[in-house]
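This report concerns only the one structure given below.
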Amino acid sequence: MSASTILQTLAMVAEFEANIGHQRTREGMALAKKNGKLKGKQPKLPEPARRSIRRRYADGEVSLADLATEYSVGRSTIHRTIYGAQENPR
219 MSASTILQTL AMVAEFEANI GHQRTREGMA LAKKNGKLKG KQPKLPEPAR
269 RSIRRRYADG EVSLADLATE YSVGRSTIHR TIYGAQENPR
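Note that this note's numbering has the sequence shown beginning at 219, numbered continuously upward.
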(Lines of atoms letter the chains of each structure in order from A and count residues from 1; the text may use other names and numbers.)
(Lines give C-alpha, C1' and ligand atoms only; values in the text may rest on other atoms or scores of the structure.)
Protein backbone atom coordinates (compact mmCIF):
# COMPACT_ATOMS: atom_id res chain seq x y z
CA MET A 1 0.00 0.00 0.00
CA SER A 2 1.26 3.45 -0.86
CA ALA A 3 1.27 6.44 1.47
CA SER A 4 -1.42 8.21 -0.56
CA THR A 5 -3.75 5.19 -0.28
CA ILE A 6 -3.28 5.11 3.48
CA LEU A 7 -3.96 8.85 3.73
CA GLN A 8 -7.08 8.54 1.59
CA THR A 9 -8.33 5.70 3.78
CA LEU A 10 -7.72 7.73 6.94
CA ALA A 11 -9.51 10.72 5.41
CA MET A 12 -12.52 8.55 4.56
CA VAL A 13 -12.66 7.18 8.11
CA ALA A 14 -12.41 10.70 9.56
CA GLU A 15 -15.21 11.93 7.29
CA PHE A 16 -17.36 8.94 8.24
CA GLU A 17 -16.85 9.61 11.96
CA ALA A 18 -17.66 13.31 11.49
CA ASN A 19 -20.88 12.42 9.68
CA ILE A 20 -21.89 10.08 12.51
CA GLY A 21 -21.29 12.88 15.02
CA HIS A 22 -23.36 15.33 12.97
CA GLN A 23 -26.17 12.80 12.66
CA ARG A 24 -26.19 12.16 16.42
CA THR A 25 -26.28 15.90 17.09
CA ARG A 26 -29.25 16.39 14.75
CA GLU A 27 -31.09 13.46 16.34
CA GLY A 28 -30.40 14.79 19.84
CA MET A 29 -31.60 18.28 18.93
CA ALA A 30 -34.77 16.87 17.34
CA LEU A 31 -35.46 14.84 20.49
CA ALA A 32 -34.84 17.86 22.73
CA LYS A 33 -37.17 19.97 20.59
CA LYS A 34 -39.84 17.27 20.73
CA ASN A 35 -39.56 17.16 24.53
CA GLY A 36 -39.69 20.95 24.83
CA LYS A 37 -36.10 21.29 26.06
CA LEU A 38 -34.76 23.27 23.10
CA LYS A 39 -35.96 26.82 23.60
CA GLY A 40 -33.09 29.05 22.56
CA LYS A 41 -31.63 31.84 24.61
CA GLN A 42 -33.84 32.89 27.48
CA PRO A 43 -34.45 36.57 28.30
CA LYS A 44 -32.19 38.09 30.95
CA LEU A 45 -35.15 39.67 32.72
CA PRO A 46 -38.50 38.04 33.56
CA GLU A 47 -41.65 39.60 32.09
CA PRO A 48 -42.80 41.27 35.35
CA ALA A 49 -39.44 43.02 35.63
CA ARG A 50 -39.63 44.13 31.97
CA ARG A 51 -43.10 45.61 32.55
CA SER A 52 -41.87 47.43 35.65
CA ILE A 53 -38.87 48.81 33.76
CA ARG A 54 -41.05 50.11 30.91
CA ARG A 55 -43.53 51.72 33.30
CA ARG A 56 -40.94 53.34 35.55
CA TYR A 57 -38.95 54.68 32.61
CA ALA A 58 -42.08 56.03 30.87
CA ASP A 59 -43.12 57.77 34.11
CA GLY A 60 -39.70 59.41 34.29
CA GLU A 61 -38.94 57.85 37.66
CA VAL A 62 -35.49 56.55 36.79
CA SER A 63 -32.79 56.65 34.09
CA LEU A 64 -31.56 53.82 31.87
CA ALA A 65 -28.27 53.68 33.78
CA ASP A 66 -30.03 53.49 37.15
CA LEU A 67 -32.26 50.66 35.92
CA ALA A 68 -29.25 48.79 34.56
CA THR A 69 -27.51 49.07 37.92
CA GLU A 70 -30.63 48.05 39.83
CA TYR A 71 -31.21 44.92 37.71
CA SER A 72 -27.49 44.09 37.29
CA VAL A 73 -27.63 44.11 33.49
CA GLY A 74 -26.10 46.30 30.81
CA ARG A 75 -27.66 49.54 29.64
CA SER A 76 -28.17 47.96 26.22
CA THR A 77 -30.38 45.28 27.82
CA ILE A 78 -32.53 47.97 29.42
CA HIS A 79 -32.63 49.90 26.14
CA ARG A 80 -33.82 46.79 24.25
CA THR A 81 -36.42 46.17 26.96
CA ILE A 82 -37.83 49.68 26.63
CA TYR A 83 -37.56 50.28 22.89
CA GLY A 84 -37.68 46.69 21.63
CA ALA A 85 -35.13 44.80 19.59
CA GLN A 86 -34.63 46.12 16.10
CA GLU A 87 -33.94 44.13 12.97
CA ASN A 88 -30.31 43.66 12.01
CA PRO A 89 -29.59 46.66 9.74
CA ARG A 90 -27.13 44.73 7.55
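Every residue, glycine too, gets a C-beta built ideally from N, C-alpha and C.
Look at the alpha carbon of residue i and the alpha carbon of residue j, and state the distance between them as a whole number of angstroms.
i: A286; j: T295; result: 8 Å
i: E233; j: Y301; result: 47 Å
i: D284; j: A229; result: 57 Å
i: V280; j: G254; result: 38 Å
i: L225; j: E235; result: 15 Å
i: S290; j: K257; result: 24 Å
i: R269; j: G239; result: 43 Å
i: A248; j: P264; result: 27 Å
i: Q260; j: S222; result: 49 Å
i: P244; j: M219; result: The residue you asked about is not Pro; residue 244 is Arg in the sequence shown. Roughly 37 Å separates the two Cα atoms.
i: T227; j: P266; result: 59 Å
i: K262; j: A276; result: 20 Å
Grouping DSSP H, G and I as helix and E and B as strand, with all else coil, what is residue i?
i: N237; result: helix
i: Q226; result: helix
i: L256; result: coil
i: S220; result: coil
i: L263; result: coil
Return the Cβ separation of residue i and residue j in integer angstroms, given the expectation that the two are a contact with Cβ distance under 8 Å.
i: R272; j: T299; result: 7 Å
Original post:
Of all the alpha helix (DSSP H) runs that stay within the bounds of the segment 276 to 308, which reach a length of 4 or more residues?
Top reply: 282 to 289, 293 to 301
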